[in-house]
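Numbering (our numbering), first residue to last: 17 to 388.
Below you can see the structure in the form of structure tokens.
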């Protein structure tokens, strides 16, 4: 099988570009720290994490990871929600630090959401985390704007966002902990090196899972990993042009109705928490599904095996990252399984992973949106 696609290279480059991005942020420590202190230390600004699609899912995963940082209390609100009704979220009493995630910065919502918040809130400052120096978002200037450009290779050429997603995820975490950035290098290096090894170790087995004849897939995670499950769901669905219908949920939430989606054509991917207490709830659900449901296959992903019988799963992925790694860094490592699964499933059903949308329903930069 020829692996000569942008998608494959962009998945595999992630550990390298993470390290490059760490150096970019560290080199700007003073500037970033001053900006954060101005608005968050006594400024009374609320942090809003925003983007569209995959970029929105970064905020969904990170919003519960910042409790011990200046970003504590951050909320994730998609640009697509802000544009349609900003008054639901902001008023003239609002003071907002809007963190915008954008691969290209050229989607219609990127700039429109910025303008909508500025029209609605009383005071606004911006952090733009983007992969495209030539994008409309990156070209916006102002004393209340901090723009952090990622390495140009993170501006993924593929339709599917892979290295752009994970690198923006980690860069936001570094910005949130900018005053301790030297301490965070150990986590970036650990996550990068362990994920690189895991990708090489499990790539062939993930390709075998992709060859299974499943028509549905479910991704489950708790806390930050629910947000990663959300992105994982999208990766497999868009890379297969919807041939595999996907859903996501938390382990506990899945019992309350969404579990109805499980049938004999389903693949279930469990993203197992490194937190021992959380895992108790997760393993209960895993055991229930193993005992009561007939499914096409199952994949369990974890940092370390907590003592489970691996024979219960078609694939058991052990990444090897220390369990005490902060979730704002460690959680993103789980996403490579869905990225490779989507890539190989796309090939298995005869699509081109770089441009899988034969239907034309989706495009690399969203088209057809009129801003009113």
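Every residue, glycine too, gets a C-beta built ideally from N, C-alpha and C.
Cβ neighbour criterion (16 or more within 10 Å) applied to residue 295: Locating residue 295 in the chain shown gives position 279, where the first residue counts as 1. Buried: at least 16 other Cβ atoms inside 10 Å.
Backbone secondary structure at residue 103 - three-state DSSP: Position 87 of the chain shown, counted from the start, is the residue given in the question as residue 103. DSSP places residue 103 in helix when its eight states are reduced to three.
Nearest to residue 227 (by Cα), restricted to the options 24, 369, 364: Counted from its first residue, the chain shown places residue 227 at position 211. The option with the nearest alpha carbon to residue 227 is 364.
Of all the options 132, 328, 86, which has the alpha carbon lying nearest to the alpha carbon of residue 103? Reading the chain shown from its first residue, position 87 is the one you call residue 103. Ranking 132, 328, 86 by Cα distance to residue 103 puts 132 first.
Return yes when the Cβ of residue 177 is within less than 7 Å of the Cβ of residue 70, no when it is not. For the purposes of this step, residue 70 is identified with residue 54 of the chain shown, where counting begins at 1. For the purposes of this step, residue 177 is identified with residue 161 of the chain shown, where counting begins at 1. Yes; because the gap between Cβ atoms is below 7 Å, this pair is in contact.
I'd like to confirm the pairing. Which residues does DSSP put opposite residue 25 in its beta bridges? Taking the chain shown and counting its residues from 1, one reaches residue 25 at position 9. Answer by DSSP bridge pairing: none, since residue 25 is not bridged.
Of all the options 271, 58, 120, which has the alpha carbon lying nearest to the alpha carbon of residue 297? For the purposes of this step, residue 297 is taken as the residue at position 281 of the chain shown. It is 271.
So what does DSSP say about residue 158, is it helix, strand or coil? Mapped onto the chain shown, residue 158 falls at position 142. Three-state result, residue 158: coil.
With distances taken Cα to Cα, identify the nearest neighbour of residue 66 among 199, 58, 75, 119. Along the chain shown, one-based indexing puts residue 66 at 50. When each option's Cα is compared against that of residue 66, the closest is 75.
Starting from the C-beta of residue 110, find all residues in its chain whose C-beta is less than 6 Å away, skip the five residues before and the five after it, and write them out in chain order. Along the chain shown, read from residue 1 onward, the residue named residue 110 stands at position 94. 137, 138.
Rounded to whole angstroms, what's the CA-CA distance from residue 334 to residue 121? Just pull it up for me. Position 318 of the chain shown, counted from the start, is the residue given in the question as residue 334. Position 105 of the chain shown, counted from the start, is the residue given in the question as residue 121. Approximately 35 Å, taken between the alpha carbons.
Any idea what DSSP makes of residue 38, helix, strand or coil? Numbered from 1 along the chain shown, position 22 holds the residue referred to as residue 38. Three-state DSSP puts residue 38 in a helix.
May I ask which residues mark the beginning and end of the beta strand (DSSP E) holding residue 257? For the purposes of this step, residue 257 is identified with residue 241 of the chain shown, where counting begins at 1. From DSSP, residue 257 is part of no beta strand (DSSP E); its letter is neither H nor E.
Using alpha carbons as the reference points, say which of 82, 351, 316 lies closest to residue 90. Taking the first residue of the chain shown as position 1, residue 90 is located at position 74. For residue 90, the nearest C-alpha among the options comes from 82.
Should the stretch 253 to 267 be regarded as contacting the stretch 200 to 218, the criterion being three or more beta carbon pairs within less than 8 Å? no
Taking residue 114 as the reference, give the member of 51, 215, 251, 124 with the closest Cα. Taking the chain shown and counting its residues from 1, the one referred to as residue 114 is at position 98. Nearest C-alpha to residue 114: 51.
Does the contact criterion of 3 or more C-beta pairs under 8 Å hold for the stretch 339 to 353 versus the stretch 316 to 328? yes
Look at the alpha carbon of residue 27 and the alpha carbon of residue 155, and state the distance between them as a whole number of angstroms. On the chain shown, position 11 is the one that residue 27 refers to. On the chain shown, position 139 is the one that residue 155 refers to. Straight-line Cα distance between these residues: approximately 27 Å.
Could you give the DSSP three-state label for residue 91: helix, strand or coil? As a position in the chain shown, residue 91 is number 75, starting the count at 1. DSSP places residue 91 in strand when its eight states are reduced to three.
Taking Cβ positions, are residue 293 and residue 266 nearer each other than 7 Å? Counted from its first residue, the chain shown places residue 293 at position 277. Counted from its first residue, the chain shown places residue 266 at position 250. The answer is no: Cβ separation not under 7 Å.
Whole angstroms is fine: what's the gap from residue 101's alpha carbon to residue 222's? If you number the chain shown from 1, residue 101 lands on position 85. If you number the chain shown from 1, residue 222 lands on position 206. Note on geometry: alpha-carbon atoms of residue 101 and residue 222 lie some 41 Å from one another.
Would you tell me roughly how many angstroms separate the C-alpha atoms of residue 169 and residue 116, rounded to the nearest one? If you number the chain shown from 1, residue 169 lands on position 153. If you number the chain shown from 1, residue 116 lands on position 100. Per the coordinates, the alpha-carbon of residue 169 lies some 19 Å from the alpha-carbon of residue 116.
In this structure, does DSSP put residue 172 in helix, strand or coil? Residue numbering aside, residue 172 sits at position 156 when the chain shown is read from its first letter. If DSSP states are grouped into helix, strand and coil, residue 172 belongs with coil.
Determine the direct distance from the alpha carbon of residue 166 to that of residue 40, and round the result to whole angstroms. The residue labelled residue 40 in the question sits at position 24 within the chain shown. The residue labelled residue 166 in the question sits at position 150 within the chain shown. Each residue's alpha carbon lies about 8 Å from the other.
Candidates 80, 164, 23, 68: closest to residue 345 by CA position: For this step, residue 345 is matched to residue 329 along the chain shown. Closest by alpha carbon: 80.
Roughly how many angstroms lie between the CA atoms of residue 217 and residue 360, to the nearest whole one? Position 201 of the chain shown, counted from the start, is the residue given in the question as residue 217. Position 344 of the chain shown, counted from the start, is the residue given in the question as residue 360. Between residue 217 and residue 360, the C-alpha separation is close to 15 Å.
Own chain, CB closer than 8 Å to residue 99, minus 5 neighbours either side, in chain order: Here the question's residue 99 lines up with position 83 in the chain shown. 125, 128, 129, 132, 387, listed in sequence order.
What residue range does the beta strand (DSSP E) around residue 318 cover? On the chain shown, residue 318 is found 302 positions in, with the first residue counted as 1. That run of the beta strand (DSSP E) goes 313 to 318.
Alpha carbon to alpha carbon, what distance is there between residue 288 and residue 55? Locating residue 55 in the chain shown gives position 39, counting from the first residue. Locating residue 288 in the chain shown gives position 272, counting from the first residue. Residue 55 and residue 288: Cα-Cα distance of roughly 36 Å.
Alpha carbon to alpha carbon, how far is residue 123 from residue 152? Give it in angstroms, no decimals. The count along the chain shown starts at 1 and reaches residue 152 at position 136. The count along the chain shown starts at 1 and reaches residue 123 at position 107. If you take the alpha carbons of residue 152 and residue 123, they lie about 9 Å apart.
Between residue 33 and residue 179, is the Cβ-Cβ spacing less than 7 Å? Walking along the chain shown from the start, residue 33 turns up at place 17. Walking along the chain shown from the start, residue 179 turns up at place 163. Against a cut-off of 7 Å, the Cβ pair of residue 179 and residue 33 comes out as a contact.
Spatial neighbours of residue 57 within its chain, please: C-beta separation below 8 Å, excluding the five flanking residues on both sides. Position 41 of the chain shown holds residue 57. Correct list, in chain order: 86.
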